[in-house]
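Enquirer: I have a structure I would like to understand better, so I am pasting it below and will then ask my questions one at a time.
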């Protein structure tokens with residue numbers, strides 16, 4: 001997952017409104033979002049190479065999502081898959097803060113990452129490039145491949161678009177298609193706005209749009225997740241074919257088991 005924008009606990013009718021793009025190499029095998037067997041309690045896509053995931057929610061309302069933290073100088077040899085961080089949280093019953101504190105103790109096993117983890121009582125953020133577990137307050141947030149709310153152009157642009165859309169819909173009628181439109185923006189950042197993350201300027205440019213359409217790497221899926229105050233979940237995922245805009249789609253709607 002390489003871009004996540006979300007409104008947490010700030011809207012009258014929704015606990016969480018989230019839109020996200022997952023960027024990955026096109027040839028990495030992936031399964032679309034589904035309820036994982038045998039318990040069918042976890043709804044998530046799956047990386048078929050390492051059997052982890054980048055984002056998911058359980059029938060009990062546990063939620064987690066992951067982005068890579070772009071820092072070539074901090075890559076390690078033989079790292080543990082970061083997708084296990086999301087998978088293991090969704091399988092666990094540990095409180096989010098305790099889970100992330102335990103992750104903090106083993107953070108050196110992973111390449112750089114950002115991790116969101118929460119349930120109906122809280123939403124926490126942790127990066128193994130930063131010092132502390134953060135308990136998020138109600139508000140609007142954006143996360144890409146640096147710290148939470150780092151104002152990269154793609155983060156600021158998509159977050160502002162989310163805020164503008166939600167504030168223009170005070171009745172709480174959220175159209176998922178409007179969020180997918182935010183996620184579909186392929187316009188790159190201006191050269192003077194590009195971040196410096198230790199890769200070439202040409203590569204920074206390719207990775208700068210909200211929706212990436214590179215030759216061998218790009219946005220593989222877009223997801224909209226809505227959790228309302230009545231504990232109803234709406235989960236819609238579009239998986240893309242290479243760098244084209246054609247997709248296959250899955251939609252799940254269910255009420256939390258609480």
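In the UniProt record's numbering, the protein residues as written are 1 to 258. Cβ coordinates follow ideal geometry from the N, Cα and C atoms, glycine included.
1. Using the C-alpha atoms, what's the distance from residue 91 back to residue 268?
2. At which residues does the alpha helix (DSSP H) containing residue 155 begin and terminate?
3. If residue 75 and residue 111 are in contact, beta carbons under 8 Å, what's the gap, nearest whole angstrom?
4. Can you tell me which residues form a DSSP beta bridge with residue 92?
5. From 32, 174, 146, 77, pick the residue whose C-alpha is nearest to that of residue 279; which is it?
6. Under 8 Å between the Cβ atoms of residue 147 and residue 121?
7. Alpha carbon to alpha carbon, what distance is there between residue 159 and residue 179?
8. Give every residue of the same chain whose Cβ lies closer than 7 Å to the Cβ of residue 48, excluding the five residues on either side of it in the sequence, and list them in chain order.
9. Mapping DSSP to helix, strand and coil, what is residue 83?
10. What is the rounded straight-line gap between the Cα of residue 82 and the Cα of residue 167?
11. Compute the Euclidean distance between the alpha carbons of residue 42 and residue 237, then round it to the nearest angstrom.
12. Spatial neighbours of residue 184 within its chain, please: C-beta separation below 6 Å, excluding the five flanking residues on both sides.
13. Pair every Cβ in the stretch 139-155 with every Cβ in the stretch 186-200, then say whether three or more of these pairs are closer than 8 Å.
14. Helix, strand or coil, according to DSSP, for residue 4 in the structure here?
15. Under a Cβ-count criterion, where at least 16 other Cβ atoms within 10 Å of its own Cβ denotes burial, should residue 157 be classed as buried or exposed?
16. Any chance you could list the beta strand (DSSP E) runs of at least 3 consecutive residues sitting entirely within the stretch 186-236, in chain order?
17. Pick from 231, 246, 255: whose alpha carbon is nearest that of residue 13?
18. Within 10 Å of its beta-carbon, does residue 175 have 16 or more other beta-carbons around it, so buried, or fewer, so exposed?
19. What does a CB cutoff of less than 8 Å around residue 191 pick up in its chain, not counting 5 residues either side in sequence?
20. Name the residue from 89, 59, 79 whose alpha carbon lies nearest to the alpha carbon of residue 66.
21. Spell out the partners DSSP gives residue 34 in its beta bridges.
22. Taking the alpha-carbon of residue 59 as reference, which of 34, 50, 109, 8 has the nearest alpha-carbon?
23. List the DSSP bridge partners of residue 115.
24. Just how far apart, CA to CA, sit residue 8 and residue 106?
25. Apply the 10 Å Cβ neighbour rule to residue 137 and answer buried if 16 or more other Cβ atoms are within range, or exposed otherwise.
26. I'd like to confirm the pairing. Which residues does DSSP put opposite residue 21 in its beta bridges?
Expert: By the coordinates alone:
1. Residue 268 lies beyond the residue range present for the chain, which begins at 1 and ends at 258; the question has no answer from this structure.
2. For residue 155, the enclosing alpha helix (DSSP H) begins and ends at 153-167.
3. Going by Cβ atoms, the distance from residue 75 to residue 111 rounds to 6 Å, so yes, they are a contact pair.
4. Its beta-bridge partners do not exist; DSSP assigns none.
5. One cannot answer for residue 279 here, as it falls past the ends of the chain, which runs 1 to 258.
6. Residue 147 is not a Cβ neighbour of residue 121, given a cutoff of 8 Å.
7. So the alpha carbons of these two residues sit roughly 11 Å apart.
8. Excluding sequence neighbours, residue 48 sits near 29, 30, 31.
9. Three-state result, residue 83: helix.
10. Rounded to whole angstroms, residue 82 and residue 167 show a C-alpha spacing of 34 Å.
11. Spanning the alpha carbons of residue 42 and residue 237 requires a straight line of approximately 15 Å.
12. So the qualifying residues of the chain are 211.
13. A contact is defined here as three or more CB-CB pairs under 8 Å, and the stretch 139-155 meets this definition with respect to the stretch 186-200.
14. DSSP places residue 4 in strand when its eight states are reduced to three.
15. Counting every other CB atom within 10 Å of its CB across the protein chains shown gives residue 157 a total of 16 or more, marking it as buried.
16. The stretch 186-236 contains these whole beta strand (DSSP E) runs: 217-228.
17. Checking every option, the nearest Cα to that of residue 13 belongs to 231.
18. Looking at its Cβ environment, which holds fewer than 16 other Cβ atoms inside 10 Å, residue 175 is exposed.
19. Closer than 8 Å at the Cβ level, and outside the excluded window around residue 191, lie 201, 205.
20. Comparing Cα positions, the closest option is 89.
21. Paired residues: 44.
22. Looking at the Cα atoms, 34 is the closest of the given residues.
23. Beta-bridge pairing links residue 115 to 66, 126.
24. Distance between the alpha carbons of residue 8 and residue 106 is about 28 Å.
25. Exposed, because fewer than 16 other Cβ atoms sit within 10 Å of the Cβ of residue 137.
26. In the DSSP output, where bridge partners are listed per residue, residue 21 has 3, 222.
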